[in-house]
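Working notes, beginning with the structure itself.
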Amino acid sequence: MKAMLYADWMNLRRSMKAMVIATVVVALASIISGNGLSFVPFMLCMLSLMVPATLMSSDYAYGWDKLSLALPVSRRDVVSSKFVISLLVNLTVVALGMICIAGMNAFGGDAMAEDMMGMLACEAVGLALMGIEFVLVLRFGPDRGRYLLLAVVWVPIILLTVVKKHPAFNKLVQAVGGMDSWSVGQLAAFFGGLVIVGAIVYAVCWRIGVGIYRKREL
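What follows is the structure, given as structure tokens:
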């Protein structure tokens, strides 16, 4: 397992420069447009999706996906290594994002609670999408997997656009709107629950991914 973690980390390091550049571009665009810290949650989701895609695409590009099947390592470790590396990068970004939010609000900001809740919401989404992305790429390959991930993201948005005039949707909007009157503790519990759901989805996707990889043939 340690050898697989090291190999995946060295593989990811090749693309770290591109990830840093993408983060800087998003941050500058957000600051120039006057959106302030809104880039931080977006950056979290973006990087959460970039890491699994980078790890899996590199494996397919260099033939490591086939070579690893012939090595004396368990297929469970091969998949687990990628999930662990992606999770560590994700949690590092979350920690840095929260430090950034706390630091910016310490120098004149007044929306720290709102920004932190946004981070938790994006963390929940990021965990779920990372897990789904791994499953899709393991099952269909990096190219088709990415297209299917786009469908996973956009189909709910399109459906939401279609049903937005339905009475049930209006009731849902009213219920969500009532969150403005919630206390900070209630909001923290709600968004913390979302993160737990995202973590459960990630764990379930790991189990599914291991099952898919175990059935793969040389």
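Every letter in the sequence shown is one number past the one before it in the working numbering, and letter 99, counting from 1, is 156.
We put the beta carbon where it would ideally sit given N, CA and C, even for glycine.
Endpoints, the alpha helix (DSSP H) within which residue i is located
i: Val141; result: Arg132 to Ala163
i: Trp263; result: Val241 to Arg271
i: Met174; result: Met169 to Phe197
i: Met67; result: Lys59 to Arg70
Straight-line gap, residue i to residue j (C-alpha atoms, nearest Å)
i: Val71; j: Val77; result: A small fix is needed here, since residue 71 is Arg in this sequence, not Val. Whole-angstrom Cα-Cα distance: 12 Å.
i: Arg273; j: Val267; result: 10 Å
i: Val135; j: Val82; result: 33 Å
i: Ala260; j: Ser240; result: 30 Å
i: Met58; j: Ala178; result: 31 Å
i: Gly154; j: Leu206; result: 25 Å
i: Arg201; j: Met174; result: 33 Å
i: Leu104; j: Ala163; result: 26 Å
i: Lys74; j: Pro224; result: 48 Å
i: Met61; j: Asn68; result: 10 Å
i: Ile89; j: Cys262; result: 38 Å
i: Val192; j: Arg203; result: 11 Å
i: Tyr63; j: Ala110; result: 18 Å
i: Ala170; j: Ala152; result: 15 Å
i: Thr80; j: Arg133; result: 32 Å
i: Trp211; j: Val130; result: 37 Å
Contact belief for residue i with residue j at Cβ below 8 Å, rounded distance in angstroms
i: Val258; j: Ala208; result: Not quite, the Cβ-Cβ distance comes to about 17 Å (not below 8 Å), so this is no contact.
i: Tyr117; j: Pro199; result: 5 Å
i: Ser138; j: Asp65; result: 5 Å
i: Gly255; j: Val182; result: 7 Å
heavy atom of the ligand ZN below 7 Å from residue i C-beta
i: Met100; result: Questions concerning the ligand ZN fall outside what the structure shown contains, since it holds no ligand whatsoever.
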